[in-house]
Amino acid sequence: MVNSLLNGFQNFKKKYFSNESDFFSKLVKNGQAPKTMIISCSDSRVDPAILFNTKPGDLFVVRNVANLVPPFEKDDMYHGVSSALEYAVKTLKVQDIIILGHSHCGGISALCSFCKKEAEKQNSKVKNETEFIENWVKISKDALIDLDFSNWPDETQHIAEKNSIKNSLKNLKSFPWISKSLVENKLEIHGWWFDMEKANLWCFNEKNNSFQKF
């Protein structure tokens, strides 16, 4: 696999440094100026640059387990997503932020599994089985509170994935400089869900609180 990656780099170098010799020199000289930020899952099957056929410099991307946005918290802890949001909005001045979720998300599956165990134990404390994953995905725990896990994974998984996107959109608005940019019409936020099996993209419509196929 490593050799395949190295060969891939040679193809990348040929395309952008031989065929388009000034492409990266312009990016270096002028700096990056993406208009769109995407918060995507770390899942190897969901690469925003490939999905949307973009070039280097087009997107400012943050990837994490389950494409989550935590709520605004001002403390001395480590806030990777929050710092990226701050840089994107304040420095790069992106015009759009997209939360990109997807079907068959392992992170949301882990959250569903945890919530199912809690429901079975009638909300008594359930011990984490992972060091970091469960605490991380609990960011979206409230978004799953009304779900019926008796039918999980099936349709419940898809609902959970979409509800988590909606929860991250809500958390975006908790950042004061994001909410300010929204009010001033300098920024728009979007929630998208990618159905991997059918290659369909579903976009959240805030007016009717539903996802609609693109």
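Number 87 in numbering that gives the first Met the number 0 belongs to position 88 of the sequence shown; there are no gaps in the numbering. A virtual CB, placed ideally from N, CA and C, is assigned to each residue, including glycine.
What does residue i pair with, by DSSP beta-bridge criteria?
i    : result
S108 : Partner(s): none; S108 has no beta bridge.
N63  : C40
S209 : N204
L99  : S39, W191
L58  : T35
N199 : D194
Count the other CB atoms within 10 Å of the CB of residue i; is the residue buried (16 or more) or exposed (fewer)?
i    : result
D42  : buried
S17  : exposed
P33  : buried
K161 : buried
G79  : exposed
F11  : exposed
M36  : buried
V182 : exposed
G106 : buried
V60  : buried
I49  : exposed
L5   : exposed
A159 : buried
S180 : buried
N66  : buried
N63  : buried
I220 : Because the chain is modelled from 0 through 213, residue 220 falls outside the range shown and cannot be assessed.
S82  : exposed
V136 : buried
F174 : buried
S214 : No statement about residue 214 is possible, as the shown extent of the chain runs from 0 to 213 and does not include it.
Within the same chain, show all residues whose beta-carbon is closer than 6 Å to that of residue i, passing over the 5 residues directly before and after it, in chain order.
i    : result
F203 : G190, F210
W201 : W192, F210, K212
I132 : A109
Y77  : none
Leaving out the 5 sequence neighbours to the left and right, which residues in its chain are closer than 7 Å to residue i when beta-carbon positions are compared?
i    : result
H103 : M195
D147 : T155
K140 : L110, C114
K165 : A142, G190, F203
N170 : V68, P69, P70
A118 : F148
N127 : E133, N134
Near residue i, what residues of its chain come up, given a Cβ to Cβ distance below 8 Å and the 5 sequence neighbours on each side ignored?
i    : result
W176 : E85, V88, K89
F23  : Y15, F16, P55
L91  : Q31, A32, P33, M36, F59
Thinking C-alpha only, which one of the options is nearest residue i?
i    : options               : result
V68  : N207, N208, S167, T53 : S167
E187 : D57, I164, V93        : V93
S178 : F71, I38, T53         : F71
T129 : G30, V45, S112        : S112
C40  : K13, I144, G100, I96  : G100
R44  : Q9, N184, A198, K28   : A198
D95  : F8, D57, M0, K28      : D57
Examine chain B for any beta-carbon lying closer than 7 Å to the beta-carbon of residue i, and answer yes or no.
i   : result
V60 : Among the chains of the structure shown, chain B does not appear; only one protein chain is present.
**Prompt:** Can you list, in chain order, the stretches of the alpha helix (DSSP H) that have 4 or more residues and sit fully within the stretch 139-189?
**Reply:** 153-171, 175-182
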